[in-house]
Amino acid sequence: MSENQDWAVADNPLAAAVQQRDSDILQVVKNALDTRNVMLAFQPVVQSSNPARPAFYEGLIRVMDDTRRVIPAREFINTIEPLTEGRTIDCLALEMGCQALIENPSLRLSINVSPRTIGYPRWEQVFEAGIGADPTLGERLILEITEASAMVMPDVVIDFMDRIHNQGVSFALDDFGAGYTAFRYFNEFFFDMVKIDCSFIKDIHMSRDNQILTEALVSIAQHFDMFTVAEGVETTEEAEYLIGAGVDCLQGYLFGAPQLRLPPNATGSLSRTA
């Protein structure tokens, strides 16, 4: 922090309080990671053609404080993403995801990874250990990369995807439409699916603007032979519209909140909408 910023904080009690809160949360997160006080929550992503049948589950890491209270990711994720702790979270998420895939041989699971973790030796070791423990793990693992972060270093992401694809792993472009995809790069990526950002899904059955935008995103995905997932689906009306629009899969609280335990005999099967 610069000297001018120090003075600004000193003269602004609210800024000082916010800075202290962020510092405290960061320390709690660091302690949680050091003690592995984390868990993976699982949210179903269902097939539009059969919403009772999961296509796969998304594994979402949960960081807890000393009282086992979950710390909301929004309170720390932007702060730690560029730090070593951000890479540690990616490694722990992958490790727990691989363990879930090994324990559930019919499971298909997606895990988030930041481009800043690409090439990180610990992440690579966790991945190789998972593949070594179960030869089918790669074909059941989906790695999610957000649209905005993929554009930070597209060449690095493309090389990484090319290499990991050889192990059978699929890739999902997360938050599609919310970032700044350079379409000159689009056909160079190796994404197997796109997850349409929830900002386009809210009340889509009543918003012509969101309908036009979502249909355009679906058209782009279909042109590049990618599966489509609508994020943040909360109502039957939204789901019905999206199914009619040709979206392949649906994710949101309408179909299930993230749970710390997988359902018995959790499975995953991905196929096109009829």
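Position 18 of the sequence shown, counted from 1, bears residue number 62 in the working numbering, the numbering being contiguous throughout. Every residue gets a Cβ at the ideal spot worked out from N, C-alpha and C, and that includes glycine.
Asked	Found
Segment limits, alpha helix (DSSP H) that includes GLY288	280-288
Straight-line gap, PHE234 to LEU261 (C-alpha atoms, nearest Å)	17 Å
Rounded C-alpha distance that separates GLY17 from ILE287	The structure shown has nothing for residue 17, since the chain only spans 45 to 318.
Rounded separation between PRO165 and PHE171 - CA only	10 Å
Length of the line joining the Cα atoms of GLY300 and PHE230	31 Å
Residue-chain proximity (VAL273, chain C), Cβ-Cβ < 9 Å	In the displayed structure, chain C is absent; only one protein chain is listed.
C-beta contact flag for PHE204 and ILE186 at 9 Å	no
Alpha carbon of ALA117 to alpha carbon of LEU257, nearest angstrom	28 Å
Inter-residue spacing [alpha-carbon to alpha-carbon] between ALA194 and VAL273	18 Å
Boundaries (first-last residue) of the alpha helix (DSSP H) holding ASP199	198-209
C-alpha distance - THR279 paired with VAL82, whole-angstrom precision	31 Å
Nearest candidate by alpha-carbon position, reference LEU153, set GLY163, PRO159, CYS142, ARG97	CYS142
Cut-off 7 Å between Cβ atoms - residues of its own chain near PHE271, not counting five sequence neighbours on either side	ASP236, MET237, ASP292, CYS293, LEU314
First through last residue of the beta strand (DSSP E) which encompasses VAL262	Where VAL262 is concerned, there is no enclosing beta strand (DSSP E), although the alpha helix (DSSP H) it sits in stretches over 252-267.
For PRO179, the three-state DSSP class (helix, strand or coil)	coil
Coarse secondary structure for ALA194, derived from DSSP in three states	helix
Cα-Cα separation, ALA310 to LEU181	15 Å
Residues near ALA85 in its chain [Cβ-Cβ closer than 7 Å; skip 5 each side]	LEU104, ARG106, PRO302, GLN303, LEU304
Contact set for LEU306: own chain, Cβ-Cβ below 6 Å, skip 5 residues either direction	PHE86
Contact check, LYS246 vs GLU188, beta carbons under 9 Å	no
Sequence-distant residues of its chain with Cβ nearer than 7 Å to ALA137 (five each side left out)	LEU84, GLY103, ILE105, ILE155, ASN156
LYS239 vs GLN295 beta-carbon contact at 9 Å	yes
Residue range of the beta strand (DSSP E) that includes ALA137	That residue, ALA137, is in no beta strand (DSSP E); its alpha helix (DSSP H) goes 128-147.
Cα-Cα separation, LEU127 to ASP134	12 Å
GLN255 beta carbon less than 9 Å from that of ILE248	yes
Contact belief for VAL89 with ALA99 at Cβ below 8 Å, rounded distance in angstroms	5 Å
Close Cβ partners of ARG184 (< 6 Å) along its chain, the five nearest in sequence each way excluded	LEU145, ARG152
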